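K.L.:
Residue numbers (mature numbering (1 follows the signal peptide of the UniProt record, and there is no 0)): -17 to -1, 1 to 119. Glycine residues also receive a C-beta, built at the ideal position from the N, C-alpha and C atoms. Owing to the predicted nature of the structure, the values given are computational and were not obtained by experimental measurement. Please read through the structure below; I'll follow up with questions.
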Amino acid sequence: MISQLFFLSSLLALALAVPVDQTAQPVEIITQTSDIEPDGSFRWNFESSDGTKQEQSGSLKAAVKDEEEPIASVSGSVSWKDPEGNLHQLKYVADEKGFQAQGADIPISPPIPAEIAKALAFIAAHPEPEGSTEKA
């Protein structure tokens, strides 16, 4: 019991020791809209006093084949300023192709080395026969 009390007191002391910025102003929502249609499509956006902006819209796209379900498609953008005042922007789409984001802050992978690209092309051109149980 004493060890539990000691643990809780230590936890409380740690929580009270965390510095709090008393000069920070609360972030207010400057504008905000939201619209939802009966067909399920939607659009919303907001802008806050710290410069953060976000918008998003979505709808159902017609299926490629008649027997398939409609495809949900969502697109949007977000922008914000970091503590140093630098502006960051991101645009995105999520649909049947997956989530695709674009922005200067997204790292770009290096190109595939030529040897690996050649090996991948060979593998694609020479698939293993179905039911093959050969082990390397």
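1. K36 by DSSP, collapsed to three states: which one?
2. Closer than 8 Å by C-beta to L(-13): which residues in its own chain qualify, once you throw out the five before and the five after it? Chain order, please.
3. Please report the residue range of the alpha helix (DSSP H) in which K101 lies.
4. Going straight from the alpha carbon of A87 to that of Q72, what length do you get?
5. CB-CB under 7 Å to D65, same chain, minus the five flanking residues each way: which ones, in chain order?
P.N.:
In this structure, then:
1. The residue you call residue 36 lines up with position 53 of the sequence shown. Correct three-state label for K36: strand.
2. Residue -13 sits at position 5 when you count from the first residue of the sequence shown. Low confidence applies to L(-13): its pLDDT is 47, below 50, so where it sits in the model is not reliable enough to give any reading.
3. Here residue 101 is taken as the residue at index 118 of the sequence shown, counted from 1. Taken as a continuous stretch (DSSP letters only), the alpha helix (DSSP H) holding K101 covers 97 to 108.
4. Counted from its first residue, the sequence shown places residue 87 at position 104. Counted from its first residue, the sequence shown places residue 72 at position 89. Those two C-alpha atoms are separated by around 7 Å.
5. The count along the sequence shown starts at 1 and reaches residue 65 at position 82. So the list reads H71, once near-sequence residues are dropped.
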